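Participant: Here it is: the structure, laid out below.
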Amino acid sequence: MDLRYQRQDCDLSLREGLAEYHAYLRSIGRKAMVDRQDSRLILEHDATHVIFGMDTSA
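Residues in the sequence shown are numbered consecutively from 6, following our numbering.
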């Protein structure tokens with residue numbers, strides 16, 4: 006799957022990259038996890054996928 010946030014010249018914002026990553030998860034049948042109100046662990050984990058251009062192993 007071609008994920009724009011993986012491109013070397015990507016100009017997406019982090020928010021846009023996260024939206025694309027979550028759409029990718031849905032497309033492969035995975036549910037995007039959500040943090041509790043007092044936590045950012047999942048958000049920071051997902052941001053790492055976008056910042057470093059990673060997908061997820063199916």
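Heads up, the beta-carbon is just placed ideally off N, CA and C, and yes, glycines get one too. For clarity, every value in this text was computed on a predicted model and none was experimentally measured.
By Cβ distance, which residues of its chain are closer than 7 Å to Val55, with the 5 residues on each side in sequence left out?
Facilitator: Tyr10, Leu19, Gly22, Leu23, Tyr26
Participant: Measuring only the C-alpha atoms, how far is Arg45 from Ala28?
Facilitator: 19 Å
Participant: So the alpha helix (DSSP H) Leu30 belongs to, where does it begin and stop?
Facilitator: According to the DSSP assignment, Leu30 belongs to the alpha helix (DSSP H) that extends over 19-32.
Participant: Tell me where the alpha helix (DSSP H) around Asp51 begins and ends.
Facilitator: Per DSSP, Asp51 belongs to the alpha helix (DSSP H) from 46-56.
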